[in-house]
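Written below as structure tokens is the structure these notes are about.
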Amino acid sequence: MSPPPCPGADRTLPLADALARSEPLGALLRRLQDSQARWAAARDALPPPLAALVRPGTLDDESWTLLAPSGAAAAKLRQCLPQVQAALDARGLPPRALRVKVRTGG
Numbered sequence: 000m001s002p003p004p005c006p007g008a009d010r011t012l013p014l015a016d017a018l019a020r021s022e023p024l025g026a027l028l029r030r031l032q033d034s035q036a037r038w039a040a041a042r043d044a045l046p047p048p049l050a051a052l053v054r055p056g057t058l059d060d061e062s063w064t065l066l067a068p069s070g071a072a073a074a075k076l077r078q079c080l081p082q083v084q085a086a087l088d089a090r091g092l093p094p095r096a097l098r099v100k101v102r103t104g105g
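Okay, so the sequence shown: first residue is 0 according to numbering that gives the first Met the number 0, each after it adds one.
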């Protein structure tokens, strides 16, 4: 005998519909897409060995953070920020201050 269906199971929405109907979820999706576009541009602007070490961090209305695994990598990344900013500008992404932080933990 199968268990009874969950209450409300017949009212589930596809994810795309839920995102379209919810302003907070829609804003989150737009921020995620913006962050992904920024990371694609930044990664292409960085030397490949450095790009392999750097990770995208938080994106807010004023800034975007790039995370480096060490102080040395962060210093090199800071030297590359003009190239990263130029790549972001070339893709027409809204300007945000670029920040570099050393990633802690694994």
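For each residue, glycine too, the CB sits at the ideal point set by N, CA and C.
Remember, it's a predicted structure, so these values are computed and weren't measured experimentally.
Gly56 carries a strand assignment under DSSP once its states are collapsed to helix, strand and coil.
Residue pairing for Arg98: DSSP places it in a beta bridge opposite Thr64. Between Thr64 and Gly56, the CB-CB gap stays under 8 Å.
The DSSP-derived three-state label of Leu12 is coil.
Restricting attention to Gln35, Leu49, Leu87 and Asp60, the CA atom closest to the CA of Ala74 is found in Leu49. If you draw a 10 Å sphere on the C-beta of Arg10, you find fewer than 16 other C-beta atoms in it, and that means exposed. Distance from the CA atom of Arg37 to the CA atom of Ser21, rounded to whole angstroms, is 24 Å. Inter-residue distance for Leu58 and Arg30 is about 7 Å (C-alpha atoms, whole angstroms). Separation of Ser34 and Pro2 (C-alpha to C-alpha, rounded to the nearest whole angstrom) is 42 Å.
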